[in-house]
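In this text, residue positions in the sequence shown follow my numbering: the first is 42, and each later residue adds one.
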Amino acid sequence: MKKEIIWSSPAATASALDNTFPDVETAGPYAFVKQGRIIVRHQPEGPYPVVVPCPGVRLTVNGRECTQPTPVSMEDAIRVETVEERREGNWSISISPDGLQAVLRMQPVIIIHRELPDLLPSRILQFKVVEWEERLPPLTWDELLQELTRLGINYGVDWEACFRGVTSCTEEEVVIARGIPVEPGKDGRVELLFSSNPKVPVLAGKDEAVDFRERYVFTSVEAGDVLAIKHPPEPGRPGTSVKGEVIVPPSPRDFILSAGEGVVLTGDGNRAVAARPGRPVASRWRNLVKVSVLPELVHEGDVDLASGNITFKGDILIAGNVAEGMVVEAGGNVRVGGLVSGARVHATGSVLVGRNILSSMVIAGGLPSFSQVILPQIHALAAGLQEMIMAIRQLMDQPAFKQGDLKHGIGPLLVLLLERKFRHLPAAASTFKKQVETMPPGMADEGLEEFIREVERVLVRSPLAVRDLQELETLARRAGEWEQAFAFQQSAESDVVASSIHNSTVIATGNVRVVGSGCYNSRIHAGKKVTVSGVFRGGEIQAGGDVHVGELGSRSGVTTRVVTGPKAVVTVGHAFENVTIVIGDQVYRFKREEKGIRLWLDKEGNLSKV
42 MKKEIIWSSP
52 AATASALDNT
62 FPDVETAGPY
72 AFVKQGRIIV
82 RHQPEGPYPV
92 VVPCPGVRLT
102 VNGRECTQPT
112 PVSMEDAIRV
122 ETVEERREGN
132 WSISISPDGL
142 QAVLRMQPVI
152 IIHRELPDLL
162 PSRILQFKVV
172 EWEERLPPLT
182 WDELLQELTR
192 LGINYGVDWE
202 ACFRGVTSCT
212 EEEVVIARGI
222 PVEPGKDGRV
232 ELLFSSNPKV
242 PVLAGKDEAV
252 DFRERYVFTS
262 VEAGDVLAIK
272 HPPEPGRPGT
282 SVKGEVIVPP
292 SPRDFILSAG
302 EGVVLTGDGN
312 RAVAARPGRP
322 VASRWRNLVK
332 VSVLPELVHE
342 GDVDLASGNI
352 TFKGDILIAG
362 NVAEGMVVEA
372 GGNVRVGGLV
382 SGARVHATGS
392 VLVGRNILSS
402 MVIAGGLPSF
412 SQVILPQIHA
422 LAAGLQEMIM
432 AIRQLMDQPA
442 FKQGDLKHGI
452 GPLLVLLLER
462 KFRHLPAAAS
472 TFKKQVETMP
482 PGMADEGLEE
492 FIREVERVLV
502 RSPLAVRDLQ
512 ELETLARRAG
522 EWEQAFAFQQ
532 SAESDVVASS
542 IHNSTVIATG
552 NVRVVGSGCY
562 NSRIHAGKKV
572 TVSGVFRGGE
582 IQAGGDVHVG
592 ELGSRSGVTT
602 RVVTGPKAVV
612 TVGHAFENVT
622 IVIGDQVYRF
632 KREEKGIRLW
642 LDKEGNLSKV
């Protein structure tokens, strides 16, 4: 848009505004703007005033547009137009990713109006404009309704907000429709009614008398006690999108309560009840929680030739010593009131030795690292067998399938599936067998060996001889049970606590703590931390976590070594020459005695020491 200001004839202007003109002879040539008119005055022979255009003004002199300073005379036809600027607005409606909101975004139409104000007489007249903005809504009501229809927005429309949107002259966002959000359900859970802490207590100081019967008491239950309650999941409520579509809430997670040894489930499967007295334990893998009651075997005297070796699936309490050549194996924890000398102690749980470990091997846990290797194969077998059973059922339900073709058994169908769709199962069975054969002696259960023989028969040696689907279903169920067994072993973290260790090997999947005088010529392997309050002289510590040693090495320079992971911190009160500490791939060797040492790797992987 343009607003035009035209210079009128000199005679008419002079008669109307004569009293306002300055004297040309004294003031010289000039031009000015008065009440929207441009007045030019000068002597007939000159000189002439000059007008200077500015942005927003279009100056035309005698039909020619001028953009630079231009001399003008009283005889010229001068035309001045102020130019109005229009900036188009825009708008859009978007639906949020969850479908619960429709948002109107607007930028208004902006019109910049310009006007030429009165300007005082000047020989060089510099034009100036006065500007102001006018803002208009970028859309109409009809346009909004058409867009709502195009996008399918028909639920939860806020018509008042829509009206504000179509009348708004500011840049803003307006929520014009809201859906109803889903109400998520509650996951199921298993509530344990006993303490689930499996860790053994810390030993008292070496000068403090220890009563093992009173100080180290594990949680115990009686037959009939309720151990766990399964709370079923609660479904959520669906929501509605701004398009009127139903939003289905995610399915809540459910848990399975499983009864281990010494535990039975109520008829509805929602409560686990102790079937015998003992120590309650719970293991979880994925959405399965297994509750068991482990009994405790109390051996009042020494484990020696008179008693024989002790093997027990639960906890073992030995009041005396474990003598030379003897073996103690437990499915739970082992507590020894005296010392372990020249013997082997292996517990699935933790091992607590009240006095010293001498020339012995003590293992707490042990299976988890093996389980990490073997679990993928047993999972492949369990899942593959279930898929094969489903495939056989689907084939047998097909109208074109002739039941008479399998009158001698499902063997031919099984062979066909193993050759085409399930070729990985025989390979998984062979790998699983090889892995079990590498287990340490005595660790492979007889039931596991029998299960492997049955897997080989069905999947490798004689699949053609399989008679019915029940054989496969039984094998799949057993594979699932073994998968659960290995999965529960994998999560165990077992500790070893002792007063001192001499010429021995100690292995723990959790922490190792030596609270007495220390360790001599021994090897310690821990999945977590190692703490030696006294000395560690001769041998090696391997730890997955931090290591703290009071005194490391000896003045005689006996070889002593500590190996940890890259995130560990090694703290040594007093280190001697010829001691080596390895953190990650960095090695530090002591060339002289040092005290108060702390070693770790910084963010760049460099060894730091204070």
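Note that beta-carbon positions come from the ideal geometry of N, C-alpha and C, so glycine has one too.
All values derive from a computational prediction rather than experimental measurement.
Let me check understanding here. Comparing Cα to Cα, which of the options lies closest to residue i?
i    : options                   : result
V555 : R596, E302 and V537       : V537
G614 : R127, G395 and G637       : G637
S545 : G606, L436 and L380       : L380
L306 : A384, G585 and K331       : K331
A405 : G568, K284 and L416       : G568
A264 : G229, V314 and F492       : V314
I357 : A347, V198, L516 and G342 : G342
A506 : A470, I548, I79 and V456  : V456
S391 : E428, I548 and E302       : I548
P179 : I415, R127 and E201       : R127
T601 : K608, F296, N374 and Q583 : Q583
Q187 : S299, I153, C203 and G395 : C203
H566 : T605, G557 and S597       : T605
M367 : H387, P63, D139 and R502  : H387
M431 : K462, H420 and G450       : K462
E172 : L393, P467, P85 and V124  : V124
V496 : E478, G310, K474 and A316 : K474
V623 : I221, G585 and E634       : G585
L233 : G220, N311, P222 and E175 : N311
P467 : R494, H154 and H449       : R494
S471 : V501, R434, L335 and R105 : V501
V267 : A316, R498, G450 and G285 : A316
S382 : G395, F631 and Q525       : G395
What residues match up with residue i in a beta bridge as DSSP calls it?
i    : result
S333 : V322
Q148 : N131
T20  : What the structure shows of the chain is the stretch from 42 to 651, and residue 20 is not part of that stretch, so it cannot be assessed.
H566 : I548 and Q583
M402 : R385 and T546
Q142 : R219
D356 : E337
E460 : DSSP output for E460 lists no bridge partner at all.
F577 : C560 and L593
A315 : V304
Can you list, in chain order, the residues of its chain with a C-beta nearer than 6 Å to that of residue i? Leave out the 5 residues immediately preceding and following it.
i    : result
V103 : Before going further, note that residue 103 is Asn rather than Val in the sequence given. If we look at N103 and ignore the five residues flanking it on each side, its Cβ neighbours are D117 and A118.
V590 : V573, F577 and V613
L422 : A469 and A520
R639 : T612 and V651
E534 : T550 and G551
D228 : P274, P293 and R294
G646 : none
S649 : W641 and D643
H340 : I359
A218 : A143, I194, G197, V198 and V283
V231 : A269, K271, F296, L298 and V330
T101 : R120
G130 : Q148, P149, V150 and P179
E249 : Because the pLDDT at E249 is just 49, under 50, the model does not fix this residue reliably, and the value given afterwards should be weighed accordingly. Nothing listed; no residue qualifies.
E224 : G277 and R278
P607 : G625 and L642
T389 : G372
Looking only at its chain, what residues have a beta carbon closer than 8 Å to the beta carbon of residue i, apart from the 5 residues adjacent to it on each side?
i    : result
P90  : P70, Y71, A72, V81, R82, H83, P112, V113, S163, R164, I165 and L166
K169 : C95, L157, P158 and L160
N60  : Because the pLDDT at N60 is just 49, under 50, the model does not fix this residue reliably, and the point stays unresolved.
G222 : The question names Gly, but residue 222 in the sequence shown is Pro. If we look at P222 and ignore the five residues flanking it on each side, its Cβ neighbours are D139, L141, G280 and I288.
Pop quiz: residue i and residue j are said to be a contact at Cβ under 8 Å. What is the actual Cβ separation, rounded to whole angstroms?
i    : j    : result
E581 : R564 : 5 Å
I288 : T281 : 7 Å
V476 : Q418 : Correcting the residue identity first, residue 476 is Gln in this sequence and not Val. So it is a contact: roughly 6 Å between Cβ atoms.
V588 : V603 : 6 Å
Y558 : G575 : Looking at the sequence shown, residue 558 is not Tyr but Ser. Correct: roughly 5 Å between the Cβ atoms.
G361 : G373 : Not confirmed; about 19 Å, so no contact.
L426 : A517 : 4 Å
N350 : V369 : 7 Å
Leaving out five residues before and five after residue i in sequence, what residues of the same chain have Cβ atoms less than 7 Å from its Cβ?
i    : result
T181 : V207
A57  : Only weak support exists for where A57 lies, its pLDDT of 43 falling under 50; the coordinates are left without a value.
E337 : G319, R320, G355, D356 and L358
G301 : K331, V332 and S333
With hydrogens ignored, establish whether the beta-carbon of residue i is closer than 7 Å to any heavy atom of the ligand NAP.
i    : result
I119 : Here there are no bound small molecules, and the ligand NAP is not part of this structure.
For the segment 392–404 against the segment 534–550, do three or more pairs of beta-carbon atoms, one drawn from each stretch, fall closer than 8 Å, so that the two count as touching? Taking a cut-off of 8 Å on C-beta distances, the segment 392–404 touches the segment 534–550, as three or more cross pairs fall below it.
Is it a yes or a no for the segment 203–212 touching the segment 147–158, going by three-plus beta-carbon pairs under 8 Å? Result yes; three or more Cβ-Cβ pairs closer than 8 Å.
So, do the segment 129–145 and the segment 265–278 have three or more beta carbon pairs nearer to each other than 8 Å? no
So, does the segment 345–363 touch the segment 288–295, judging by three or more C-beta pairs under 8 Å? no
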